[in-house]
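Engineer: I'd like to ask you about the structure that follows.
Number of protein chains: 2
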Amino acid sequence: MTEASWAVGVDLGGTKVEVGGVDARGRLLKRMRRPTEVKSGPAAIEAEIVDAVGEMEESMGSPPVGAGVGVAGQIEADTGAVRFAPNLDWHDVPFQADLSRALGLPVVVTNDVRAAAWGEWLHGAGRGCDDLVCVFVGTGIGGGIVSGGQMLSGCSNTAGELGHITVVLDGPLCHCGNRGCLEALASGWAIAQQAQEAVAAKPDGGAMLLKLADGQQKAITAEIVAQAAKDGDVLAQRLLDEALQALIAGAVSLVNAFNPCRLILGGGVIEGLPAWVDQVDRGVRQRALAAARAPLQVVSAALHGDAGVVGAAALSLRRATEGGRPVAQS
Amino acid sequence: MTEASWAVGVDLGGTKVEVGGVDARGRLLKRMRRPTEVKSGPAAIEAEIVDAVGEMEESMGSPPVGAGVGVAGQIEADTGAVRFAPNLDWHDVPFQADLSRALGLPVVVTNDVRAAAWGEWLHGAGRGCDDLVCVFVGTGIGGGIVSGGQMLSGCSNTAGELGHITVVLDGPLCHCGNRGCLEALASGWAIAQQAQEAVAAKPDGGAMLLKLADGQQKAITAEIVAQAAKDGDVLAQRLLDEALQALIAGAVSLVNAFNPCRLILGGGVIEGLPAWVDQVDRGVRQRALAAARAPLQVVSAALHGDAGVVGAAALSLRRATEGGRPVAQS
């Protein structure tokens with residue numbers, strides 16, 4: 006490993022593949038984005054990545070030390086096989102082995118949210134911190150936990166499903182089938198759904214929301230709710246406050262259970278509502294245990310949309326530094 | 006370290022000091038229990054422990070390799086100083102250093118619930134398991150988390166405050182000042198308080214509870230509620246079911262967030278209501294994420310009242326094996 010060492014980071018979702026070239030300091034030197042052809046299956050996506058890495062290698066002037074891939078799905082810890090990726094419609098795809106063979110490079114496959122947490126930890130808002138919790142509030146809610154300098158992976162590599170902690174016993178139904186999950190109250194989809202239901206129940210109070218959605222109740226999104234709240238709409242402000250209170254309750258749970266030094270908040274909803282970071286900070290300081298909140302900093306994620314690519318590449322570089330030995334915490 | 010090596014384990018609470026001699030297999034060979042003279046202060050308790058260790062050493066025929074102490078309070082990770090122990094009325098007592106000097110032995114001081122989690126992990130229901138969560142439901146609720154083979158300690162050594170995860174947003178007031186904590190719904194004190202309030206509100210429905218408490222509403226305890234429920238009392242059954250539902254919600258949160266292989270349930274309330282273990286198991290299987298619940302076992306704690314003493318001693322033995330180097334995860 007030298008200063009010039011770099012790795013490929015891939016963020017593989019249901020609608021796009023992002024490929025980046027990242028150096029040992031976590032700088033994103035190159036990036037490419039291509040739409041994901043879900044229908045074409047793993048081989049076509051693999052070919053896309055191989056192609057992108059070839060181009061990147063040419064422009065970088067040196068080969069990468071390896072590649073890290075974050076996939077929106079469940080990943081087998083030891084093999085990097087994709088057990089299940091609903092947005093890609095993949096079941097038991099040995100993607101780490103296949104891509105490694107195709108690239109002729111060491112490859113590490115991890116979950117996409119975990120990759121973003123690696124990014125924030127190693128090169129973002131968590132730098133230098135051995136105990137942190139990342140919560141990404143986007144369409145859904147997920148996260149990553151670093152404790153004692155280890156990224157937690159859990160028994161079957163699914164640790165960090167922080168959207169599915171219960172904050173309201175018997176609360177609203179979540180996409181996971183349970184009720185009252187943090188995600189069912191504070192995620193982008195939940196805010197949109199609650200707004201749509203409120204507008205359906207009382208169209209008068211929802212006039213501004215409806216107007217911003219061109220009169221289409223089903224087109225009301227969390228972004229529209231945020232916009233309406235900014236413009237002074239009372240219903241939108243109430244909906245966001247309810248979501249914020251749920252997020253604070255979830256944050257308190259995480260702070261009390263894990264005692265992190267830093268709670269990092271990121272994702273699309275937080276980027277659209279940056280004031281939430283201070284409000285969560287204030288809420289946690291009012292409600293968490295004194296001993297747990299004393300050392301705590303609540304901060305915004307630093308890498309924004311790059312966290313997944315940077316984190317996947319950083320994980321690959323980390324493995325290369327460790328001599329390629331398997332690392333349990335991926 | 007030989008087969009004959011043993012260590013002292015101490016469980017130091019507000020009402021009693023338990024001192025045990027524990028071998029490398031986690032067997033409790035000797036034990037002594039003395040009432041804690043809180044008023045006499047740390048020096049008197051230290052003298053009691055020194056005295057007990059002397060007696061124990063004599064009857065064991067060999068000196069211990071060290072002593073581990075679990076204290077009901079906040080412990081400084083690096084020094085083993087007791088930052089605050091409300092039941093003992095201790096503030097900033099350098100107990101690890103003082104007791105080590107007095108015994109002429111290496112001493113490690115940790116939190117009492119953390120000590121019990123060490124006991125269950127190394128010698129109880131968690132043996133051989135690298136990813137587990139212990140939840141002790143007694144008068145209060147606390148726990149310990151082992152992830153990737155490490156006992157989590159957190160940023161300021163308070164990780165594992167599992168009684169203070171929120172399960173009901175804006176729910177009943179907790180002793181910690183927050184609302185809707187798991188402890189405020191499912192602990193021994195919460196069950197007793199809810200029963201007392203229910204009886205005050207409707208004395209008719211609470212006839213059996215009142216009778217079992219000799220007519221004294223304030224004397225209704227969780228044990229009495231468990232007894233009344235067993236005898237068919239409808240109010241008691243409803244109160245316990247509400248507490249159980251909260252415990253299930255908390256368990257689901259922990260399973261989704263940490264993805265343990267084993268969830269270990271212990272403490273006085275669980276010992277009085279052993280059927281809860283299967284009911285939590287069933288509830289978690291219905292409500293947790295499929296990928297997180299698949300590898301999970303929900304089991305009863307195995308060491309009962311000995312977990313603290315065995316765990317504290319096991320931690321001491323573990324440090325001795327590691328050559329006395331400081332271990333962050335205490």
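Protein chains in written order, with our numbering: chain L, 6 to 335; chain C, 6 to 335.
In this text, a Cβ means the ideal position worked out from N, Cα and C, and glycines have one as well.
Can a CB atom of chain C be found closer than 9 Å to the CB of Arg-324 (chain L)?
Structural biologist: No, because no Cβ of chain C sits closer than 9 Å to the Cβ of Arg-324 (chain L).
Engineer: Quickly, what does DSSP pair Asn-116 (chain L) with across the bridge? List them, please.
Structural biologist: Beta-bridge partners assigned by DSSP to Asn-116 (chain L): L:Val-76.
Engineer: For a quick check, are the C-beta atoms of Val-151 (chain L) and Leu-137 (chain L) less than 9 Å apart?
Structural biologist: Cβ atoms of Val-151 (chain L) and Leu-137 (chain L): closer than 9 Å.
Engineer: Buried or exposed: which applies to Asp-175 (chain L), given that a residue is buried once 16 or more other Cβ atoms fall within 10 Å of its Cβ?
Structural biologist: exposed
Engineer: Anything in chain C within Cβ reach of Pro-265 (chain L), meaning under 9 Å, just list it in chain order.
Structural biologist: Gly-159, Cys-160, Ala-164
Engineer: Check the C-beta distance from Ala-312 (chain L) over to Gly-25 (chain L) and give it rounded, since I have them as a contact under 8 Å.
Structural biologist: Actually they are not in contact, since the Cβ atoms of Ala-312 (chain L) and Gly-25 (chain L) sit about 11 Å apart, beyond 8 Å.
Engineer: Would you grab the beta carbon distance between Gly-19 (chain C) and Leu-104 (chain C) for me? Rounded to a whole angstrom, and I think it's under 8 Å.
Structural biologist: In fact, because the Cβ distance is near 18 Å, the residues do not count as touching under 8 Å.
Engineer: In terms of residues, what are the limits of the beta strand (DSSP E) holding Pro-40 (chain C)?
Structural biologist: Note, Pro-40 (chain C): beta strand (DSSP E), 33 to 40.
Engineer: Just to confirm the assignment, what range does the alpha helix (DSSP H) spanning Ile-253 (chain C) have?
Structural biologist: 239 to 263
Engineer: Quick one: give me the first and last residue of the alpha helix (DSSP H) that Arg-106 (chain L) is part of.
Structural biologist: 100 to 108
Engineer: Name the residue from C:Trp-95, C:His-96, C:Leu-249, C:Gln-222 whose alpha carbon lies nearest to the alpha carbon of Leu-278 (chain C).
Structural biologist: Residue nearest to Leu-278 (chain C) within the set C:Trp-95, C:His-96, C:Leu-249, C:Gln-222 is C:Leu-249 (criterion: CA-CA distance).
Engineer: Can you list the residues of chain L that Gln-250 (chain C) reaches, using a CB-CB cut of under 7 Å?
Structural biologist: Those within 7 Å of Gln-250 (chain C) in chain L are Leu-174.
Engineer: Skipping 5 residues on each side, what residues in its chain have a beta carbon closer than 7 Å to that of Asp-236 (chain C)?
Structural biologist: Met-213
Engineer: With Gly-129 (chain L) and Ala-295 (chain L) assumed to form a contact (beta carbons below 8 Å), what rounded beta-carbon distance in angstroms separates them?
Structural biologist: With a Cβ gap of about 28 Å, Gly-129 (chain L) and Ala-295 (chain L) do not count as contacting.
Engineer: Provide the residue(s) that pair with Thr-171 (chain L) in DSSP beta bridges, ordered along the chain.
Structural biologist: L:Cys-186
Engineer: Using a 10 Å radius around the Cβ and a threshold of 16 neighbouring Cβ atoms, would you call Ala-52 (chain L) buried or exposed?
Structural biologist: Its Cβ having fewer than 16 others within 10 Å, Ala-52 (chain L) is exposed.
Engineer: Determine contact between the segment 215 to 227 of chain L and the segment 193 to 203 of chain L, defined as no fewer than three beta-carbon pairs at a distance below 8 Å.
Structural biologist: yes
Engineer: Which residues of chain C have a Cβ atom closer than 7 Å to the Cβ of Ala-299 (chain L), listed in chain order?
Structural biologist: Ser-161
Engineer: List, in chain order, every chain L residue whose beta-carbon is nearer than 7 Å to that of Leu-167 (chain C).
Structural biologist: Ala-262
Engineer: Since Ser-158 (chain C) and Ala-241 (chain C) should fall inside the 8 Å C-beta cutoff, what is the C-beta to C-beta distance between them, to a whole number of angstroms?
Structural biologist: Not really, about 39 Å apart at Cβ, beyond 8 Å.
Engineer: Between Ala-319 (chain L) and chain C, is any beta-carbon pair separated by less than 9 Å?
Structural biologist: Using a Cβ-Cβ cut-off of 9 Å, Ala-319 (chain L) does not count as an interface residue toward chain C, since no Cβ of chain C sits closer than that to its own.
Engineer: In whole angstroms, what separates the C-alpha of Ile-323 (chain L) from that of Asp-16 (chain L)?
Structural biologist: The residue you asked about is not Ile; residue 323 (chain L) is Arg in the sequence shown. Cα to Cα, Arg-323 (chain L) sits roughly 17 Å from Asp-16 (chain L).
Engineer: Nearest to Gly-14 (chain C) by CA position, among C:Thr-326, C:Gly-71, C:Ala-254, C:Thr-144, is which residue?
Structural biologist: C:Gly-71
Engineer: When you compare the CB positions of Asn-162 (chain L) and Asn-264 (chain C), do they come within less than 9 Å of one another, or not?
Structural biologist: Yes, Cβ-Cβ distance for Asn-162 (chain L) and Asn-264 (chain C) is below 9 Å.
Engineer: Give a yes or no on whether 9 Å exceeds the smallest Cβ distance from Leu-108 (chain C) to chain L.
Structural biologist: no
Engineer: Would you mind stating whether Gly-316 (chain L) and Trp-11 (chain L) have Cβ atoms separated by less than 9 Å?
Structural biologist: The answer is no: Cβ separation not under 9 Å.
Engineer: Here's a check: name, in chain order, each residue in its chain whose Cβ is nearer than 7 Å to the Cβ of Val-332 (chain C), leaving out the five neighbours to either side.
Structural biologist: Confidence is the limiting factor: at Val-332 (chain C) the pLDDT is only 44, short of 50, which leaves the residue's position unreliable, though a coordinate-based value still follows. Cβ within range, chain order: Arg-324.
Engineer: Verify the CB distance criterion: does Cys-139 (chain L) have a CB-CB separation below 9 Å to chain C?
Structural biologist: no
Engineer: For Glu-42 (chain C), which residues from the same chain have a beta carbon less than 6 Å from its beta carbon, with the 5 sequence-adjacent residues on both sides left out?
Structural biologist: These residues qualify, in order along the chain: Ala-49.
Engineer: Between the Cα of His-309 (chain C) and the Cα atoms of C:Val-142, C:Thr-171, C:Asp-246, which residue gives the shortest distance?
Structural biologist: C:Val-142
Engineer: Note down, in chain order, every chain L residue with its Cβ under 8 Å from the Cβ of Asp-56 (chain C).
Structural biologist: The contacting residues do not exist; Asp-56 (chain C) stays about 32 Å from chain L at best.
Engineer: Apart from the five residues on each side of it in sequence, which residues of its chain come closer than 6 Å, Cβ to Cβ, to Thr-144 (chain C)?
Structural biologist: Gly-193, Trp-194
Engineer: Hey, how far is the Cα of Val-3 (chain C) from the Cα of Gly-73 (chain C)?
Structural biologist: With chain C represented from 6 up to 335, any question about residue 3 (chain C) goes unanswered, as that position is not in the structure.
Engineer: Helix, strand or coil for Ser-67 (chain C)? Go by DSSP, reduced to three states.
Structural biologist: Here Ser-67 (chain C) sits in coil by DSSP.
Engineer: For Cys-266 (chain L), I'd like the list of residues in its chain whose CB is within less than 8 Å of its CB, leaving aside the five on either flank, ordered along the chain.
Structural biologist: Cys-134, Asp-135, Asp-136, Leu-137, Pro-300, Leu-301, Gln-302
Engineer: Find the nearest neighbour of Val-27 (chain L) within the set L:Pro-68, L:Gly-46, L:Arg-39, L:Pro-40, judged by alpha-carbon distance.
Structural biologist: Nearest C-alpha to Val-27 (chain L): L:Pro-68.
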